[in-house]
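Peer 1: Got a structure here, written out as structure tokens. Questions coming.
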Amino acid sequence: MPGTQLTKGGPLNVPHLCRTSTSQYPSAQNTKELQPLMANPVCETTAQKKQQPQGPERPNSRQRFKEKLMQWVSYIAGDMAVFGEWMKGQFILLQILDWVLRGAAQVMFVNNPLSGLIIFAGLILQNRWWALNGFVGTLFATVSALILGQNRGAIANGLYGYNGILVGLLMAVFSNAGDWYWWLLLPNIFMSMACPIVSSALASINSRWDLPVFTLPFNILVCLHMVATGHYNHHFPQVLFQPRKSMHNLTWSELEYSKLFCSIPVGIGQVYGCDNPWTGGIFMVALFISSPITFAHATIGSAVGMVSGLALAAPFQNIYFGLWGYNCVLACIAIGGMFYALTWQTHLLAVACAFFCAYLGSAIANVMSTFGLPACTWPFCLSALTFLLITTEIKNIHKLPLAKVTYPEKNLIYFWKMKKVERIDKQRKNQEKDVESQQKKEEIMAAMETKEHKRLDVCSVDVPQEETTQNGQDRNPEAIELNLTQL
Amino acid sequence: MPGTQLTKGGPLNVPHLCRTSTSQYPSAQNTKELQPLMANPVCETTAQKKQQPQGPERPNSRQRFKEKLMQWVSYIAGDMAVFGEWMKGQFILLQILDWVLRGAAQVMFVNNPLSGLIIFAGLILQNRWWALNGFVGTLFATVSALILGQNRGAIANGLYGYNGILVGLLMAVFSNAGDWYWWLLLPNIFMSMACPIVSSALASINSRWDLPVFTLPFNILVCLHMVATGHYNHHFPQVLFQPRKSMHNLTWSELEYSKLFCSIPVGIGQVYGCDNPWTGGIFMVALFISSPITFAHATIGSAVGMVSGLALAAPFQNIYFGLWGYNCVLACIAIGGMFYALTWQTHLLAVACAFFCAYLGSAIANVMSTFGLPACTWPFCLSALTFLLITTEIKNIHKLPLAKVTYPEKNLIYFWKMKKVERIDKQRKNQEKDVESQQKKEEIMAAMETKEHKRLDVCSVDVPQEETTQNGQDRNPEAIELNLTQL
Amino acid sequence: MPGTQLTKGGPLNVPHLCRTSTSQYPSAQNTKELQPLMANPVCETTAQKKQQPQGPERPNSRQRFKEKLMQWVSYIAGDMAVFGEWMKGQFILLQILDWVLRGAAQVMFVNNPLSGLIIFAGLILQNRWWALNGFVGTLFATVSALILGQNRGAIANGLYGYNGILVGLLMAVFSNAGDWYWWLLLPNIFMSMACPIVSSALASINSRWDLPVFTLPFNILVCLHMVATGHYNHHFPQVLFQPRKSMHNLTWSELEYSKLFCSIPVGIGQVYGCDNPWTGGIFMVALFISSPITFAHATIGSAVGMVSGLALAAPFQNIYFGLWGYNCVLACIAIGGMFYALTWQTHLLAVACAFFCAYLGSAIANVMSTFGLPACTWPFCLSALTFLLITTEIKNIHKLPLAKVTYPEKNLIYFWKMKKVERIDKQRKNQEKDVESQQKKEEIMAAMETKEHKRLDVCSVDVPQEETTQNGQDRNPEAIELNLTQL
């Protein structure tokens, strides 16, 4: 996701372990007598770091197991930062594979190559030809971004790949020429390579409002390809989409609850254009590995979409097919913890956004069908952008700066830290204020006493009055009360 | 109107009367001997202010009547600022009612609860079910803005309500389910509550160019609802709009002038979706109360729309029905005195904008009908935004900063004051320049005289020439003439 | 083109020859003895300037001929700046004619009245009624810009005329009422006069990203007129455009290569809506006169469009008719040397943009046909804007600031100068660094020697080691090597 584009600024500055050892080489050679101690300097340093916190308290086996587990989880969960760092020293083709896998997962805002691998497994289960097209799309989008001199950190996070996989996949899904029509790879490659161009251009616009580009490049390019060729094309015919021209049947007794339940994973699968519930289930696993919050919001979003479909009297087939879910899934993830820090207010906002997105989805699907087009993920993009543009005076709805966006859990920790710092600042200020008012009180009391003495001497009452008119508004009421009582 | 959003910054800073007395309380208590003079300090201050200008010249009964009248007019005309201030101390439900009424009038850029009340009366005359929906829409939009933590001053000016009333009204107008179909209130409430979200998001974008959001949220949300459900929906069917597919009859002899005349108030009524000429007339009264300039431009706009319809060979029924008028009404008000200070140039610009808007209205109506949608107020929004984005070197076309926009009369006074200040500044600068040039002249003459003396002594002519080549360009021609004559 | 809008800031500051002589008048009169030398001061100055470079080297006849030729070329090529300067002193109607001619050529980014004249000749060859409408459009757009108080320099460069000529021409081309339907001049004048308004408004938005408005005002206004009236209008009927509803025939054996070749000039002609290949050829001459780079990219663009049409299985008639070419022509010119400095990278980018534009052209044509509209130059505008919004780390893709854009050759010279300055700066910095490192080396060597002496005295080795640990990372490896060898 574009959000994490600049985040890598941090990790990139942290010197990579292997490189650090290289740069230490001259000094190491220079200090020969120290070498025995640094036989394996890299591991040593890592070991030292681990030992230090363990030093004072001796852990038992259970604690050690828990620690080990947490460490393993930290290796595969989140954005797999450690793995990403390690990858930087590897062969370029391996690196590109990492970027492609991250790109595949970034569709769901997940920056995790393992999730990407699982997602590809799900795609292969659905349709191998689609999976191939998706892979080609991601690959060429990433390569094109490299050629176009885009930010290397963003490429490494898969931010130029996720539009590519969607372009590749959906062009295969919506092609009317059948599977394994190899000519399709030509426009697929062309459009994938155009992805970074459109991404970069849109980012120039959206960055003015600190907004990500989401899947807008995919929407633009797939719609462009589909409407440029159309259903009646000799080379690249498209599936026929037509506007609704008459009332459809809607018998509530025919509603099947099992299918309705299945529509939740199917809705998640439809993000990648897949209607197989198992594929959707696999995608859910991929989400859960990286971020449980993302997983939860994806599920909620899919459910909200299904309910909206029923509320707006949509044909049951569309609901079962997950067409009401996938946009809500993405919108709910984006608002619920990804670009806003997760609080109960933003959680409600995410649910509201999912409902809004479902409504918008129906609208856009109807509009697009006039041109023989599917809705793609336009509804998600537009609704999420709308909800990200809101300005509010509620402090718990905190939009993270795009450079700080990583994944919901880390975002939440960042938000908590920020709040803590603010609270401490506030407390300090309050304390200072208290001290100040205390000082003021004392000063006034001292002044009173002096005046009292003077009054006793001169027997005049106008001295305190004069002062009141001079700075009456600025003063503390308590001080004034004191003033009065003193008089 | 969003324009007045920040205007309240001023009034809000002016301490509310009741609050002022509270804050003066301690000092008042402190200075007991002064109390008799300040028995009713608030009224006293107000009275003093009034007496001061009246002091020197003793008014006769006619003047007094005129003054009284002006005072009463100032209470109900304009934005009823005094009433608004008074309202701030009242019970919250009463306040919300004030905001709802202001919201109802803000559709026409009128920030006046009395106008709002009259408009509601007009709506009830038209159709009670529509009026109910409009009320529900305004109410929920306002409440939603409160929940979402939007700017309280903007809410109090009805800036979050006017989209709500339009959403509520037009959803009822375009519903094909007939009046009193109570289920309609559900999407009505949902869409009304989405108004502040869309408003806030659009304001984030438009504020970059210091532009208001106009009725864009209404346009977006009503179109969204209508196209999401459509004519063939089981729950919320919409009226059928279809693109023109053949030539319509157009016999100029059939043109009825009485209906054509009626189309002017009907055009104003159509801003709220009402085709009853009496309702339109009532709306005109509501406009006149608050701002005669607004009223005049509304009438001109409606007439321009009607003429444009005839010029572009529109079916007469559409013209009679006010469909050519309502956008022009709004566009003409917006440009003529509301967001530009009213001068004859901006008046002409407003008329030009109304013509442009009528053209655009026809275009948008045709485009939207492809999707089964009405034109809503898209033409007004787009044309007014275009005309507000113009940059020009003409000084009399002065776009008011959004924070200074109130109502045309007040805007005009603000503009005049600004111009006066500028004129005085210019005069001062000119005077300074004159003084400087006078000084320069005298200096040169003094120098000349000295040189003359020298020349008489040395009999050489190259001294003045030298000077001419040194700073010939910078000097005043008058000074040079003097120079020459002196020589 | 809007790009050159601010460029004139330069030339405008250069005092116009005639005016300079006037301002020199008083001093000339003052210094009577110098007058004989300044009989014709203007020519003198010009002559001096020419003589100075010629002074030292005596040119032979061939060199002199070449020089003369270059001078003549400089008078009619590029933006004819000298002619433009001379025009400023002429009668206003003559000036407006200059502006109108420049406006006619600015459609192709050419700021040259001679090219404009040739283009008008081409238009007359095509259709005299169209040419008349084009002239009326340019004239009224320019006059309207004057009335609206737009920047005089921009008007003088034809930046307010090029949308006018397109509006006038295309309204005549797409009118279904036949040639010499004089009523058409009314909407023509109205729309032409609206051009500067829309231009100014769009410029307010696009300037935030330092982007030109291209032909967006034309696109907006012609589409507005066409869709507002439509095919079934009594006053201003439009040509019927309809979406493709079935498969067209496509027999590759029927492809005619001669027509395909002709489609290249026809594609260039279609920028002005002309299908006559001779007209296209005349336009190519007009381009070549002003800027060969523009001419080359126009030809490449047209060819790319033709190839794209074949690749996407377009009906041959459309390709022959130049419908695939004209957008690519404009896009290729804009990216190839006009708004980017021409390098081989931007040349490739221009070709890529042309392909993208062709794809987009097909898409937009299909979408617009739903509303009964042609594609106009929307595809060019959108694709060129997209490619101008790209941000990249490649230094040879240099987007010129809009204020510096003139014509490709001059842009290139500007870019080279800029690069040269940068290179010199870099060299200087490197030299400074070298000097610094040299100094450091010497310092270290001096220190070493001192230490060597000390070591001989004290026989201890820990002194240099200490230093290594202190600032080992910051130091030059060479210095360290020296350090080691010294030890």
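Chains as they are written, first to last, in this note's numbering: chain A, 115 to 601; chain B, 115 to 601; chain C, 115 to 601.
For every residue, glycine included, the Cβ atom is placed at its ideal position computed from N, Cα and C.
1. In this structure, does DSSP put C/Y371 in helix, strand or coil?
2. Using 8 Å as the Cβ pair cut-off and three pairs as the minimum, do the stretch 338-349 of chain B and the stretch 486-495 of chain B touch?
3. Any beta carbon from chain C within less than 9 Å of B/F453's own beta carbon?
4. Taking the C-alpha atoms as reference points, what is the distance between B/G123 and B/A270?
5. Among residues of its own chain, excluding the 5 on either side of C/A286, which ones have a beta-carbon nearer than 7 Å to its beta-carbon?
6. Anything in chain A within Cβ reach of C/M361, meaning under 7 Å, just list it in chain order.
7. Taking only runs that begin and end inside the stretch 233-293 of chain A, name each unbroken alpha helix (DSSP H) of 4 or more residues, in chain order.
8. Please confirm whether A/N432 has its beta-carbon closer than 9 Å to some beta-carbon of chain B.
9. Would you call the CB atoms of B/L502 and C/A315 closer than 9 Å?
10. Alpha carbon to alpha carbon, what distance is there between A/D389 and A/F179?
11. Cβ-heavy atom distance between B/H461 and the ligand SAH below 8 Å?
12. Specify, as a first and last residue, the run of the alpha helix (DSSP H) that A/E507 falls within.
13. Helix, strand or coil for A/Y295 per DSSP?
14. Using 8 Å for Cβ pairs, my map puts B/S416 next to B/C376. What's the rounded Cβ distance?
15. What in chain B is Cβ-close to A/T506, meaning under 9 Å?
16. Let me check one thing: in DSSP terms, what residues is B/Q352 bridge-paired to?
17. Roughly how many angstroms lie between the CA atoms of B/Q356 and B/L335, to the nearest whole one?
18. What are the start and end residues of each continuous beta strand (DSSP E) run of 3 or more residues lying completely inside the stretch 428-493 of chain C, in chain order?
19. Assuming C/T252 and C/I279 are in contact, meaning their beta carbons sit under 8 Å apart, how far apart are those beta carbons, in whole angstroms?
20. Interface residues of chain C around B/A427 at Cβ under 9 Å?
21. Taking 9 Å as the threshold (beta carbon to beta carbon), is A/F332 in contact with chain C?
22. Chain B partners of A/W458, CB-CB under 9 Å?
23. Please determine, among A/F469, A/V380, A/A400 and A/F430, the residue with the shortest C-alpha to C-alpha distance to A/G436.
24. Report all residues from its chain with a CB closer than 7 Å to the CB of B/P170; omit the five preceding and five following residues, and keep chain order.
25. Give, in chain order, every residue of the stretch 474-490 of chain A whose Cβ lies closer than 9 Å to some Cβ of chain B.
26. May I ask you to report which of helix, strand or coil DSSP gives B/K513?
27. Taking the alpha helix (DSSP H) that C/F328 falls in, what are its first and last residues?
28. Under 7 Å Cβ-Cβ, which residues of chain C neighbour A/L338?
29. Buried or exposed, going by whether 16 or more other CB atoms sit within 10 Å of the CB of B/Q352?
30. Say whether chain B places a C-beta atom closer than 9 Å to the C-beta of A/R542.
31. For B/W294, count the other beta carbons within 10 Å of its own beta carbon; 16 or more makes it buried, fewer makes it exposed. Which is it?
32. Can the beta-carbon of B/D193 be found less than 9 Å from the beta-carbon of B/Y521?
33. From B/M558 to B/T564, what does the alpha carbon distance come to, in whole angstroms?
34. Determine, using beta-carbon pairs with one atom in the stretch 182-196 of chain A and one in the stretch 221-229 of chain A, whether at least three such pairs fall under 8 Å.
35. Mind listing the chain C neighbours of B/E358? Cutoff is C-beta to C-beta under 7 Å, in chain order.
36. Would C/F375 pass as an interface residue toward chain B - the criterion being a Cβ-Cβ separation below 9 Å?
Peer 2: For this structure:
1. As a working mapping, residue 371 of chain C is identified with position 257 in the third sequence. In the structure shown, C/Y371 sits in a helix (DSSP, three-state: H, G or I).
2. These segments touch.
3. By one-based count along the second sequence, residue 453 of chain B stands at place 339. Taking Cβ atoms only, chain C never reaches closer than 9 Å to B/F453, which makes this a no.
4. Taking the second sequence and counting its residues from 1, one reaches residue 123 of chain B at position 9. Taking the second sequence and counting its residues from 1, one reaches residue 270 of chain B at position 156. Because the pLDDT at B/G123 is just 34, under 50, the model does not fix this residue reliably, and the point stays unresolved.
5. Taking the third sequence and counting its residues from 1, the one referred to as residue 286 of chain C is at position 172. Same-chain partners within the cutoff: W243, W244, N247 and L298.
6. Translated into the one-based positions of the third sequence, residue 361 of chain C becomes position 247. Per Cβ cutoff of 7 Å: Y346.
7. As far as the stretch 233-293 of chain A is concerned, its whole alpha helix (DSSP H) runs of at least 4 residues are 242-261, 266-270 and 276-288.
8. Mapped onto the first sequence, residue 432 of chain A falls at position 318. It does not: the Cβ of A/N432 has no partner Cβ on chain B nearer than 9 Å.
9. For the purposes of this step, residue 502 of chain B is taken as residue 388 along the second sequence, with counting starting at 1. For the purposes of this step, residue 315 of chain C is taken as residue 201 along the third sequence, with counting starting at 1. Yes, Cβ-Cβ distance for B/L502 and C/A315 is below 9 Å.
10. Position 65 of the first sequence, counting from 1, holds the residue named residue 179 of chain A. Position 275 of the first sequence, counting from 1, holds the residue named residue 389 of chain A. Each residue's Cα considered, the two are about 40 Å apart.
11. Only the bare structure without any ligand can be found here, which leaves the ligand SAH out of the picture.
12. Numbered from 1 along the first sequence, position 393 holds the residue referred to as residue 507 of chain A. A/E507 -> no alpha helix (DSSP H), and no H or E assigned at all.
13. Mapped onto the first sequence, residue 295 of chain A falls at position 181. A/Y295 carries a coil assignment under DSSP once its states are collapsed to helix, strand and coil.
14. Here residue 416 of chain B refers to the residue found at position 302 when the second sequence is read from its first residue. Here residue 376 of chain B refers to the residue found at position 262 when the second sequence is read from its first residue. So it is not a contact: roughly 11 Å between Cβ atoms.
15. The residue labelled residue 506 of chain A in the question sits at position 392 within the first sequence. Going along chain B in sequence order, the residues near A/T506 (Cβ under 9 Å) are L262, G263, Q264 and S314.
16. In the second sequence, counting from the first residue as 1, residue 352 of chain B sits at position 238. B/S289, per the DSSP bridge assignment.
17. Counting from one through the second sequence, the residue named residue 356 of chain B turns up at place 242. Counting from one through the second sequence, the residue named residue 335 of chain B turns up at place 221. If you take the alpha carbons of B/Q356 and B/L335, they lie about 20 Å apart.
18. List check, beta strand (DSSP E) in window: nothing returned.
19. Along the third sequence, one-based indexing puts residue 252 of chain C at 138. Along the third sequence, one-based indexing puts residue 279 of chain C at 165. Between C/I279 and C/T252 the Cβ distance is about 4 Å, and since that is below 8 Å, they are a contact.
20. As a working mapping, residue 427 of chain B is identified with position 313 in the second sequence. Those within 9 Å of B/A427 in chain C are T343, N347, H348, H349 and F350.
21. Translated into the one-based positions of the first sequence, residue 332 of chain A becomes position 218. Not an interface residue.
22. Working through the first sequence from its first residue, we reach residue 458 of chain A at position 344. The contacting residues do not exist; A/W458 stays about 14 Å from chain B at best.
23. As a working note, residue 436 of chain A is residue 322 in the first sequence. Of A/F469, A/V380, A/A400 and A/F430, the residue nearest in Cα terms is A/V380.
24. Locating residue 170 of chain B in the second sequence gives position 56, counting from the first residue. The predicted position of B/P170 is uncertain, since its pLDDT is 48 and thus under 50; a value taken from the coordinates is nonetheless stated next. Closer than 7 Å at Cβ, skipping near neighbours: no residue.
25. L474, G475, S476, A477, I478, A479, N480, V481 and T484
26. What you label residue 513 of chain B is simply residue 399 of the second sequence in a count that begins at 1. In this structure, B/K513 counts as strand in the three-state DSSP scheme.
27. Counting from one through the third sequence, the residue named residue 328 of chain C turns up at place 214. Careful: C/F328 lies outside any alpha helix (DSSP H) and carries neither H nor E.
28. Taking the first residue of the first sequence as position 1, residue 338 of chain A is located at position 224. Result: Y473, L474 and A477.
29. Counting from 1 along the second sequence, the entry for residue 352 of chain B is found at position 238. Label assigned to B/Q352: buried.
30. As a first step, residue 542 of chain A is located in the first sequence; it is residue number 428 there, counting from the start. No, A/R542 lies away from the interface with chain B (no Cβ there is under 9 Å from its Cβ).
31. Working through the second sequence from its first residue, we reach residue 294 of chain B at position 180. So B/W294 ends up on the exposed side.
32. The count along the second sequence starts at 1 and reaches residue 193 of chain B at position 79. The count along the second sequence starts at 1 and reaches residue 521 of chain B at position 407. Result yes, Cβ atoms of B/D193 and B/Y521 sit closer than 9 Å.
33. As a position in the second sequence, residue 558 of chain B is number 444, starting the count at 1. As a position in the second sequence, residue 564 of chain B is number 450, starting the count at 1. A quick correction: the sequence has Ile, not Met, at residue 558 of chain B. Across the structure, B/I558 and B/T564 are spaced so that their CA atoms are roughly 10 Å apart.
34. Touching, yes.
35. Residue mapping note: residue 358 of chain B aligns to position 244 of the second sequence, counting from 1. Sequence check: residue 358 of chain B is Arg here, not Glu. Within 7 Å Cβ-Cβ: G344 and Y346.
36. Here residue 375 of chain C corresponds to residue number 261 of the third sequence, with the count starting at 1. No, C/F375 lies away from the interface with chain B (no Cβ there is under 9 Å from its Cβ).
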